[in-house]
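Input: a single structure, listed below in structure tokens.
Residue numbers (my numbering), protein chains in the order written: chain A, 109 to 500; chain B, 2 to 171.
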């Protein structure tokens with residue numbers, strides 16, 4: 109695998125060696141259940157609480173405000189469904205956007221099929237929502253605003269500090285899905301009530317995430333059982349996972365400036381390099397973006413074929429197009445930012461990680477133009493100035 | 002299947018085609034144009050002497066284009082009409098359910114090309130072929146309806162990406 113280039117770090121990342129080392133003892137020697145009273149249990153409890161403290165400090169929240177979950181999908185569900193069914197609440201209105209991750213979007217949609225109302229805000233051509241749109245959408249019965257911190261598909265950053273301030277002023281809870289942003293950008297946690305994050309996007313293990321639930325933010329649990337995590341999320345804690353999450357957070361804190369600077373440089377190189385291929389566009393904001401995500405569309409070709417051709421050349425990237433999904437409709441995010449349908453199917457998301465090198469970007473920029481040309485030669489469409497039209 | 006994607010056969014535009022079958026729609030993410038050149042064989046039968054295609058689509062769409070072109074080459078028109086999407090999928094060693102529409106698209110493109118050839122030459126069109134042609138036309142209508150909002154949006158932007166005769170995405 110060493111000659112392969114992995115540029116799909118928004119999907120998942122390799123577990124960092126230091127993270128794996130930190131986790132290892134918790135599988136087979138320090139394997140106690142943190143709820144047990146004996147020494148095995150106490151050791152595991154100490155590890156979980158130390159991990160909680162590490163992550164809390166990094167985020168600038170209190171340890172007891174962190175609820176560990178099985179991942180960000182569960183954290184998003186807990187934030188949205190948990191707010192909707194918080195004690196003494198019945199019905200109400202949620203505000204979100206059209207470019208959320210499906211874990212948020214489908215949770216909001218589920219609420220609307222269960223008697224709640226929702227407003228999904230439009231975004232501009234770069235994927236940004238304006239704070240004033242949020243202000244205008246708030247109603248008397250709005251109980252939650254949920255807006256992604258940085259888009260998992262196109263990287264665009266949302267003005268969550270401003271939106272959080274508006275929500276604070278109006279007494280509405282504010283949730284942000286910070287899965288891609290966590291560890292990469294400063295998160296304005298003082299103006300956020302609920303925040304989701306996931307370990308495996310940051311060189312930690314899969315299967316562990318968290319929801320920050322600020323004090324005074326009322327949520328109902330969505331998993332019921334032994335009352336773990338202060339009654340907010342039942343289920344035996346994933347001890348190695350939580351330890352790994354904390355180790356990954358520590359690593360990110362140490363390396364962040366250096367890694368993020370590198371990612372920004374890679375992104376600029378990709379934007380310049382891909383931009384020199386005719387008939388391409390950058391999806392998302394050129395500057396106001398997560399450092400590690402770049403999303404492009406290519407006229408006249410389809411994203412899945414592009415990903416497969418790159419894979420044959422040893423380069424792993426992903427597509428936002430939905431050819432493998434039953435409805436075959438292009439990405440809801442690309443449609444929301446107004447990417448023409450003729451280009452929305454031909455999208456490619458490239459995402460870098462801490463292990464990405466300049467040589468990886470060289471390889472991509474060498475292979476990609478050839479693969480694009482090759483697929484365009486198969487296609488009935490020629491590359492036009494603005495759109496692709498049939499070749500005649 | 003992956004071999005046909007990696008090294009597709011008969012791709013590109015055909016010089017002097019006798020007929021073209023255009024199916025799919027760019028809004029679905031799959032468009033296939035299939036070119037045929039028809040010649041008489043020694044027994045005076047109409048034979049697909051050459052075939053080629055141009056496809057915008059996913060891995061399976063490209064692989065099925067390649068496969069249907071292999072299957073059709075050298076066949077008489079009557080033999081080629083009998084090629085179904087199951088034949089295409091079977092020859093490729095099976096396709097996942099979500100990709101079956103790609104094989105249907107390839108078989109439809111061949112049918113449309115043959116239908117166009119026969120109607121242009123005032124030749125009788127077999128019932129089965131007529132029915133499939135009508136189904137493709139019906140799919141066009143269904144698709145247009147389903148994607149009206151999307152298409153309106155495209156046109157509003159002046160981005161006219163008309164793509165041959167659209168068929169169903171499914």
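Using N, Cα and C, we set each Cβ at its ideal position, and we do this for glycine too.
Is residue i helix, strand or coil when you go by DSSP?
| i | result |
| --- | --- |
| residue 258 of chain A | strand |
| residue 445 of chain A | coil |
| residue 144 of chain B | helix |
| residue 311 of chain A | coil |
| residue 159 of chain A | helix |
| residue 350 of chain A | helix |
| residue 220 of chain A | helix |
| residue 406 of chain A | strand |
| residue 12 of chain B | strand |
| residue 417 of chain A | helix |
| residue 303 of chain A | strand |
| residue 489 of chain A | strand |
| residue 164 of chain A | helix |
| residue 374 of chain A | helix |
| residue 141 of chain A | coil |
| residue 207 of chain A | coil |
| residue 127 of chain A | helix |
| residue 176 of chain A | strand |
| residue 4 of chain B | helix |
Give me the DSSP bridge partner(s) of residue i.
| i | result |
| --- | --- |
| residue 114 of chain A | A/424 |
| residue 484 of chain A | BP columns for residue 484 of chain A are empty, so no partner. |
| residue 201 of chain A | A/225 and A/250 |
| residue 41 of chain B | B/47 |
| residue 365 of chain A | Note: residue 365 of chain A sits in no beta bridge, so no partner. |
| residue 56 of chain B | B/33 |
| residue 21 of chain B | B/36 |
| residue 397 of chain A | A/264 |
| residue 469 of chain A | Paired residues: none, contrary to the question. |
| residue 390 of chain A | A/404 |
| residue 281 of chain A | A/252 |
| residue 26 of chain B | B/31 |
| residue 189 of chain A | According to DSSP, residue 189 of chain A bridges with nothing at all. |
| residue 213 of chain A | According to DSSP, which records beta bridges pairwise, residue 213 of chain A is partnered with nothing at all. |
Taking 9 Å as the threshold (C-beta atoms), are residue j and residue i in contact?
| i | j | result |
| --- | --- | --- |
| residue 469 of chain A | residue 263 of chain A | no |
| residue 399 of chain A | residue 123 of chain A | no |
| residue 301 of chain A | residue 258 of chain A | no |
| residue 23 of chain B | residue 15 of chain B | no |
| residue 359 of chain A | residue 127 of chain A | yes |
| residue 209 of chain A | residue 184 of chain A | yes |
| residue 305 of chain A | residue 180 of chain A | yes |
| residue 315 of chain A | residue 356 of chain A | no |
| residue 152 of chain A | residue 167 of chain A | no |
| residue 280 of chain A | residue 246 of chain A | yes |
For a cutoff of 9 Å on Cβ pairs, would you count residue i as touching chain A?
| i | result |
| --- | --- |
| residue 17 of chain B | no |
| residue 38 of chain B | no |
| residue 7 of chain B | yes |
| residue 12 of chain B | yes |
| residue 20 of chain B | no |
| residue 74 of chain B | no |
| residue 101 of chain B | no |
| residue 27 of chain B | yes |
| residue 23 of chain B | yes |
| residue 108 of chain B | no |
| residue 62 of chain B | yes |
| residue 124 of chain B | no |
Flag residue i as yes if its beta-carbon sits less than 9 Å from any beta-carbon of chain B, otherwise no.
| i | result |
| --- | --- |
| residue 111 of chain A | no |
| residue 184 of chain A | no |
| residue 404 of chain A | no |
| residue 453 of chain A | yes |
| residue 131 of chain A | no |
| residue 261 of chain A | no |
| residue 486 of chain A | yes |
| residue 438 of chain A | yes |
| residue 410 of chain A | yes |
| residue 416 of chain A | yes |
| residue 489 of chain A | yes |
| residue 304 of chain A | no |
| residue 234 of chain A | no |
| residue 345 of chain A | no |
| residue 449 of chain A | yes |
| residue 420 of chain A | yes |
| residue 413 of chain A | yes |
Under 8 Å from any heavy atom of the ligand NAD, does the C-beta of residue i make it?
| i | result |
| --- | --- |
| residue 169 of chain A | As for the ligand NAD, it is missing from this structure, which has no ligand bound. |
Item to complete: For the segment 46-60 of chain B, enumerate the residues whose C-beta is nearer than 9 Å to any C-beta of chain A, in chain order.
Response: 54, 55, 56, 57, 58, 59 and 60
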